[in-house]
Every structure is written in C-alpha cells, then in structure tokens.
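>
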Amino acid sequence: MKRFHFRLNSVLLLRKRALNAAQEEYSKAIAQRRKIDEVIEEGKEQIAAMNDAIKASWGGRPVVAGQQESLMLGLKLAKTKLDEWKLSRVQALQEEMKKRELYIEANKNFELLEKLKERQKNEHLYAEMQKEQILADDLFNARRASMQITEMA
Numbered sequence: 037m038k039r040f041h042f043r044l045n046s047v048l049l050l051r052k053r054a055l056n057a058a059q060e061e062y063s064k065a066i067a068q069r070r071k072i073d074e075v076i077e078e079g080k081e082q083i084a085a086m087n088d089a090i091k092a093s094w095g096g097r098p099v100v101a102g103q104q105e106s107l108m109l110g111l112k113l114a115k116t117k118l119d120e121w122k123l124s125r126v127q128a129l130q131e132e133m134k135k136r137e138l139y140i141e142a143n144k145n146f147e148l149l150e151k152l153k154e155r156q157k158n159e160h161l162y163a164e165m166q167k168e169q170i171l172a173d174d175l176f177n178a179r180r181a182s183m184q185i186t187e188m189a
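Everything in the sequence shown is counted per the working numbering, starting at 37 for the first residue and increasing by one.
1. Rounded C-beta distance between L48 and K144? I'm assuming under 8 Å.
2. Considering only the beta carbon of each residue, do F146 and K64 sit closer than 7 Å?
3. With DSSP as the reference, label L149 as helix, strand or coil.
4. In chain order, what residues of the same chain have a beta carbon less than 7 Å from the beta carbon of I66, not counting five sequence neighbours either side?
5. Between V126 and Y162, what straight-line distance do the alpha-carbon atoms span, to the nearest angstrom?
6. With a threshold of 16 other CB atoms inside 10 Å of the CB of A58, please say whether the residue is buried or exposed.
7. Would you report the Cα separation of A172 and A181, rounded to the nearest angstrom?
8. Let me check understanding here. Comparing Cα to Cα, which of E187, E168, Q169 and H160 lies closest to F40?
9. What residue from Q82, L107 and V75 has the CA that sits closest to I21's CA?
10. Is the separation between the beta-carbon of L274 and that of R69 shorter than 7 Å?
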C-alpha cells in the first residue's frame, strides 16, 4: 500500500503554531484581567476597612475637622484609584475578547485543515484498498484461468 502524504502539511504546521501563539496570548490576557480583578477586590476590601475605621474613630464623639478631612480625602483617593482599576479592567476585558476571537479563528483554521487531512487520508486509504482488491481479484481470476487450462489439457 502506498504511504499517505498530505501536501499541505507545512501549512498545517504553520496553522498549529499560529493556534499555539493565539492560545498563549489569550491565556495571558485572561491572566492579566484576573490580576486586575484581584486588585479591584483588594481595593474594595481596603475601602470597606477604611469605612469601618472611620466609623470606629467617630464612635459617637465629635471628630476634629482636620482629622475628618484627612480620613475623607484618603477614602476619596482610594475610590478614585478603584475607579481607575475598574476602567483598566474594562480595557483588559476588551483585549481579552479580541484575543479570544483571534484564538477562535486560529482554532477554526487549524481544525478545517486537520479535517481536510483526515478526509484525504481516508480517501487515499479507500483508493488503495480498491487497488489492492482489484489486484487480488485479477490474481484470483488469473489462477482460476490457469487451473482451468491445466484441467482441460
């Protein structure tokens, strides 16, 4: 049986490399977004802790104006920083979606070529089996004919 050779094997290898690169970029984008999510959660916890500290420091007694102003300024600064991180999360999420689309496209291209290879391999095997069957039939018929000739003689 003749060995199967896929003519587009080099293209398949290039698409596999592109798929691996797209997968790596997508996973990096996911990791980046998750890191930002963690920072946002830490920021929310920090703001909650600051609110608790402010409430505890007030504790029913009058607060000095300078102290209140510095506490509120710190809280405002933390909220501003949190808003910046939320904005960067939106940007990271957009980047992640772009990388996801690229990964899906690369995966689709690779799988299409992989299916083509499999289909061509199956067609090749079928054609080779047909050739072998015809050869076996011819050999059988030739033997039968030679046996009939020797029996007549």
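Just so it is clear, CB atoms sit at the ideal spot from N, CA and C, and this is done for glycine as well.
Reading it off the structure:
1. At roughly 14 Å, the Cβ-Cβ gap does not stay under 8 Å, so L48 and K144 are not in contact.
2. no
3. In the three-state reduction of the DSSP assignment, L149 falls in the helix class, which pools H, G and I.
4. The residues E132, in chain order, have a CB closer than 7 Å to that of I66 in the same chain once the five nearest residues on each side in sequence are set aside.
5. 53 Å
6. buried
7. 14 Å
8. H160
9. Here the chain covers residues 37 to 189 and nothing more, so residue 21 does not appear.
10. Nothing can be reported for residue 274: it is not among the residues displayed for the chain, which extend from 37 to 189.
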